[in-house]
Each structure stands twice: as C-alpha cells, then as structure tokens.
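Novice:
In our numbering, the protein residues as written are 8 to 58.
#1: Residues in its own chain within less than 7 angstroms of residue 25 by CB, not counting five upstream and five downstream?
#2: With 16 other CB atoms within 10 Å as the buried threshold, where does residue 41 fall?
#3: Assign residue 36 to buried or exposed, taking buried as 16 or more other Cβ atoms, counted over all protein chains shown, within 10 Å of its Cβ.
#4: Output the distance between the C-alpha atoms of residue 57 and residue 14, rounded to the nearest integer angstrom.
#5: To the nearest angstrom, report how far apart residue 20 and residue 33 are at their CA atoms.
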C-alpha cells in the first residue's frame, strides 16, 4: 500500500470510531479487520501527519 491510500483508510477508521481510536486500535482494525499488513509505528506516523 502507498502511504496516501493507507492514510485514507486510517482516516476513515478513525472517523468511524468517532475519533476515539488511537494508533494501536486503528492498527488492530487494519490488521485483523481488513487484513492490511502494516506496522503500528507506520500507522502512528501517518495519523500524526494527517492530524
């Protein structure tokens, strides 16, 4: 996945959680719910960059 596509997915998950999910829970949703292979630190970095 490119960072842009992954960021869009992360933002969708974060908004879907009413902005309560942090990087660990967003990462868990990506890995377990969607089967996306990525690291928790990458998710945290992209979340910081996206605001």
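Beta carbons are placed, not taken as given, at the ideal position from N, Cα and C, and that holds for glycine. All figures in this text were calculated on a predicted structure; none of them were measured in a lab.
Specialist: So, from the listed chains and residues:
#1: Here residue 25 is taken as the residue at index 18 of the chain shown, counted from 1. If we look at residue 25 and ignore the five residues flanking it on each side, it has no Cβ neighbours.
#2: The count along the chain shown starts at 1 and reaches residue 41 at position 34. Burial call: exposed.
#3: Taking the first residue of the chain shown as 1, we reach residue 36 at position 29. With 16 or more other Cβ atoms within 10 Å, it is buried.
#4: The residue labelled residue 57 in the question sits at position 50 within the chain shown. The residue labelled residue 14 in the question sits at position 7 within the chain shown. Looking at the two C-alpha atoms, the distance is approximately 7 angstroms.
#5: Counting from one through the chain shown, the residue named residue 20 turns up at place 13. Counting from one through the chain shown, the residue named residue 33 turns up at place 26. As the crow flies, the alpha-carbon of residue 20 is around 7 angstroms from that of residue 33.
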